[in-house]
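Add 154 to a position in the sequence shown, counting from 1, and you land on the number used in this note's numbering. Think of the CB as a built atom: it goes at the ideal place given N, C-alpha and C, for glycine as much as any other residue. In what follows, a single structure is set out as structure tokens and then discussed.
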Amino acid sequence: MPLLLLLFFGIYLSAQVLVGGVSESSARMCIWDKQAEVSVAHWVRRTVASSDVPICLTLDSLTPGTHYVYQVRLSDGKQLTGSFSTPPLSPLRVAFISCHDLRPSSRDQIAIGPLIAEQKPHLIVHLGDWGYPDTTEPSFPPNSRFFPLDWENLVRLYAQRYRDPYFQLLYQLAPWAYIYDDHDYAADNTGRDYRAQYRTLSLPIGDYPFEPRIRTHAIAAYQRYFPHYPLPDPEEGLFQRFRWGDVEFFFIDNRSARTGTMRAFELGELGRYYFRPKPEITLLGSRQREWLLQSLKSSTARWKVILSGVTYNRNLQLFIHQLLSFPNQMLTFAGGLYKIPSIFAAGFIADTWAAYPADQDTLLSWCWREGIRGVFFVSGDTHIATLEDGTMGGFPEVMTGGVGKTEKRSYRLAKFLGISIFNRGGQGISSSHFRPAFGLIEFYPDSAKVRLIGVGKGELASMSLRSSDRPLPPPLWGRLTSPNLGLMFELKPTPRKGEYALRWIAPKSMPSQLSFVLYNAEGSKIWESPIAPASYWKAQKQLQLPTEYSGTCYLRAEAGGTYYGLRLYLP
Numbered sequence: 155m156p157l158l159l160l161l162f163f164g165i166y167l168s169a170q171v172l173v174g175g176v177s178e179s180s181a182r183m184c185i186w187d188k189q190a191e192v193s194v195a196h197w198v199r200r201t202v203a204s205s206d207v208p209i210c211l212t213l214d215s216l217t218p219g220t221h222y223v224y225q226v227r228l229s230d231g232k233q234l235t236g237s238f239s240t241p242p243l244s245p246l247r248v249a250f251i252s253c254h255d256l257r258p259s260s261r262d263q264i265a266i267g268p269l270i271a272e273q274k275p276h277l278i279v280h281l282g283d284w285g286y287p288d289t290t291e292p293s294f295p296p297n298s299r300f301f302p303l304d305w306e307n308l309v310r311l312y313a314q315r316y317r318d319p320y321f322q323l324l325y326q327l328a329p330w331a332y333i334y335d336d337h338d339y340a341a342d343n344t345g346r347d348y349r350a351q352y353r354t355l356s357l358p359i360g361d362y363p364f365e366p367r368i369r370t371h372a373i374a375a376y377q378r379y380f381p382h383y384p385l386p387d388p389e390e391g392l393f394q395r396f397r398w399g400d401v402e403f404f405f406i407d408n409r410s411a412r413t414g415t416m417r418a419f420e421l422g423e424l425g426r427y428y429f430r431p432k433p434e435i436t437l438l439g440s441r442q443r444e445w446l447l448q449s450l451k452s453s454t455a456r457w458k459v460i461l462s463g464v465t466y467n468r469n470l471q472l473f474i475h476q477l478l479s480f481p482n483q484m485l486t487f488a489g490g491l492y493k494i495p496s497i498f499a500a501g502f503i504a505d506t507w508a509a510y511p512a513d514q515d516t517l518l519s520w521c522w523r524e525g526i527r528g529v530f531f532v533s534g535d536t537h538i539a540t541l542e543d544g545t546m547g548g549f550p551e552v553m554t555g556g557v558g559k560t561e562k563r564s565y566r567l568a569k570f571l572g573i574s575i576f577n578r579g580g581q582g583i584s585s586s587h588f589r590p591a592f593g594l595i596e597f598y599p600d601s602a603k604v605r606l607i608g609v610g611k612g613e614l615a616s617m618s619l620r621s622s623d624r625p626l627p628p629p630l631w632g633r634l635t636s637p638n639l640g641l642m643f644e645l646k647p648t649p650r651k652g653e654y655a656l657r658w659i660a661p662k663s664m665p666s667q668l669s670f671v672l673y674n675a676e677g678s679k680i681w682e683s684p685i686a687p688a689s690y691w692k693a694q695k696q697l698q699l700p701t702e703y704s705g706t707c708y709l710r711a712e713a714g715g716t717y718y719g720l721r722l723y724l725p
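Structure follows, in structure tokens:
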């Protein structure tokens, strides 16, 4: 660690080169300077220049599956060295990060860079909130003069990123892919042309418009300052696809086409809010949604990774329903000492895919109907790192956690409401670790090893996925209708065939009666335990599953209209 920090503050302090848009035969390089000398591959001390920063160039005629070392001499004479590899690579190792504070205030925030570097990723994917420039706009509502309105604010933001002393080693170890989320797009909880207001009752709850230039400036700055992949429809957003061997990534822009976060709510009689999202309310927009569906269908990659700034999990919707069901729609804490209007927390959850069920369900049904395999989500935004294998959310999902911003808000809300929808561990689930963390995935042709890694802890949680897996089958698409924390269980295989060690996570919250149900990959029920009282299940230390079935299955603990489950790969 001391050596790495010395490198950060010494040799690498002036580094200002980003590589991105890497394919089998080309790469993009941007240099935060107006003139430089570049040596890489067949380029030997080639002088490049631009009338304004950065210099952005395309390195072409590269060889697939090759490691390249580059040298860049800046206009002030300083020489920088870095490297990148072209796909295909197997296993492909990718680090996923989000919620990145460019002004770190703790040792943990500084330590995350070296920790990521230790994993030697071939590619680094940033899911947004790369800095928090919107925190300079405290007067919303009603003022909506957000930071991108002034182009110079965007120039300063990108300059700060290029010169970030704590991530320079990562810039020089691997290429990057990135799309903004809300804080680095315009402001917190923003869409195409509005910002959601749900944090004060002094002004009406709703979506407050902002100037169109804010959106167009954010898109234009990205195109000018970041070495990105080709954009199929830049007027509509920054969505893009790129392939690394057996893995294809589909990076969506969940901000620039989004319509009406708070339009998912209606104000009814007696001042109560109702969650009534209409089909025309969209996170993706029609053009991006059609692009995503057709791109997934046409992909020949084994793995199809959807990169989203916000969480997809379909059962997040229960949080909203539960919050709005409280008497007087008011949350009370500390024996009534503190009170928070329910709509404040419901609006927070609505910033995810949960407020856009039409988009969620269209994507899930399309992938099932078209037989598209190997699809899963990686998301950011929540400042908490957790894993889900698809049984609870529709698709497997990796929430990356925050490399700078971390908090317990989402965990505390889930615990308060008695809801558990991330089933493979992480912060607040399998670990009490709430320090900076990131996701790391190793892709093999037929399987992927997914891990969450945290500062001072190492591995927080892990899961394995198979590229042959389809999404959750239609018979299991029903969303949760009531809290399920008491059904949360953990299984570990024992040496005996079909036997698993069983552990209940919250036995005090168990429903009075429940059963286990095993479903096959098509969603057909293939085995069911007897319905038994909670006292019986609390006494069970093992669960014996039938041995005549193999392959992908879903095991759920069920009670009335609620459930909790895991995806199993039976031998």
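DSSP places N307 in the helix class (H, G or I) of the three-state scheme. A check of alpha carbon separations from W658 across G719, F250, I278 identifies G719 as the nearest. Relative to the Cα of T465, the nearest Cα in the group S215, D535, S204, E712 belongs to D535. P241 and E178 do touch by the CB rule: their CB atoms are close to 6 Å apart, below 8 Å.
The distance from the Cβ of S410 to that of I373 is about 6 Å, consistent with a contact at the 8 Å cut-off. Judged by DSSP secondary structure, Y352 falls outside any alpha helix (DSSP H); it is assigned neither H nor E. Comparing alpha carbon positions, the residue from G612, I573, N674 closest to F643 is I573.
Taking the Cβ atoms as the reference, M664 lies roughly 15 Å from K695, outside the contact range of under 8 Å. By the beta-carbon neighbour count (other beta carbons within 10 angstroms, threshold 16), R650 is exposed.
In the DSSP assignment, W631 falls outside any alpha helix (DSSP H), carrying neither H nor E.
Here P629 has G677 as same chain residues with Cβ atoms under 6 Å from its own Cβ, once five neighbours each way along the sequence are excluded. DSSP places A693 inside the alpha helix (DSSP H), whose first and last residues are 688-693. With 16 or more neighbouring CB atoms inside 10 Å of its own CB, A181 falls in the buried class. Under the 10 Å beta carbon count, E613 is surrounded by fewer than 16 other beta carbons and is classified as exposed. In the same chain as Y510, and ignoring 5 residues on each side of it, the C-beta atoms closer than 7 Å to its own belong to P431, I435, T436, L437, in chain order. Where E444 is concerned, the enclosing alpha helix (DSSP H) starts and stops at 440-452. Using a Cβ-Cβ distance cut-off of 8 Å, the region 587-598 and the region 527-547 are in contact, since at least three pairs of beta carbons, one from each stretch, lie closer than that value. DSSP places D262 outside any beta strand (DSSP E); the residue lies instead in the alpha helix (DSSP H), whose first and last residues are 261-272. Counting only the Cα atoms, F301 lies some 6 Å from N307.
The beta carbon of Y332 lies closer than 7 Å to those of H280, W284, F380 in the same chain, with the five residues before and after it left out. Closest by C-alpha distance to R468, out of L446, A508, F429, is A508. L641 and T540 have their C-alpha atoms roughly 18 Å apart.
If you draw a straight line from the Cα of D187 to the Cα of W330, it comes to about 19 Å. Ranked by Cα distance from G610, the options F670, R247, Q263 are led by Q263.
With a cut-off of 8 Å on Cβ pairs, the region 617-634 is in contact with the region 544-551, counting three or more such pairs. The Cβ atoms of Y352 and Y362 lie no closer than 8 Å to each other.
Taking 8 Å as the cut-off, the Cβ atoms of Q170 and S193 do not count as close.
V604 and H587 have their C-alpha atoms spaced approximately 18 Å apart. Contact between the region 704-712 and the region 667-677 is established, with three or more Cβ pairs separated by less than 8 Å.
Among the bridge pairs identified by DSSP, G422 is matched with none.
Straight-line measurement puts the Cα of F419 at about 23 Å from the Cα of N297. Counting C-beta atoms within 10 angstroms of its own C-beta, P661 has fewer than 16 neighbours from the protein chains shown and is therefore classed as exposed. Beta-bridge analysis with DSSP links I595 to V248, V604. Put simply, the region 492-503 does not touch the region 513-529. Fewer than three CB pairs are less than 8 Å apart.
Judged by DSSP in its simplified three-state form, Y339 adopts helix.
Comparing alpha carbon positions, the residue from L211, V207, A195 closest to H221 is A195.
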